[in-house]
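Counting in the working numbering, the sequence shown runs from 196 upward without gaps. Everything on this sheet refers to the single structure shown next.
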Amino acid sequence: MTTPGRAARAAKIAISLPHEQLEYLRAAEQAGRGSVSGHIQQLIQREREAADVEHTLRRLFGTREQPTAEHEAWARRALGIEEPAETGAGTAHERGAGGTGA
196 MTTPGRAARA AKIAISLPHE QLEYLRAAEQ AGRGSVSGHI QQLIQREREA
246 ADVEHTLRRL FGTREQPTAE HEAWARRALG IEEPAETGAG TAHERGAGGT
296 GA
C-alpha cells in the first residue's frame with residue numbers, strides 16, 4: 196500500500212508471530228487478499244488512522260468517556276429532538292398538542 200510521502204523503498208525486517216496469525220496471513224495471501232507484508236502495512240495504517248481519530252475526538256470533547264449533559268443538549272438541538280420533560284411525563288409531542296398531560 197503506497198501512501199503519499201512514503202519512501203519508495205521499504206525496509207525488510209523479521210518479525211515473530213504466533214503460528215495461528217501467520218497461517219491467517221498466508222491464507223489471506225493465497226486467497227488473493229494481498230501479501231503478508233501488505234496486510235501488515237494495512238493494519239498499521241488503520242491503527243494510525245484510528246489514533247488520529249482518537250486524537251481529534253479527545254481534542255473536541257476532552258478525555259471524558261461519556262458525553263456531558265451539555266454535549267447531549269447540543270446533539271438534541273442539532274438533530275431537532277425535543278428535550279425530555281423534567282417531570283418524566285414524556286415530551287410535548289407524547290402529551291399531545293395541548294400539553295396538559297391528561
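Glycine included, each C-beta is placed from N, C-alpha and C at the ideal position. Since this is a predicted model, take the numbers as computed values, not measurements.
Would you report the Cα separation of A268 and I239, rounded to the nearest angstrom? 37 Å
Element boundaries [alpha helix (DSSP H), containing E224]: 214 to 225
With DSSP run on the structure shown, which of helix, strand or coil describes A206? coil
Tell me the start and end of each unbroken alpha helix (DSSP H) in the segment 228 to 261 that is at least 4 residues and wholly inside, in chain order. 231 to 256
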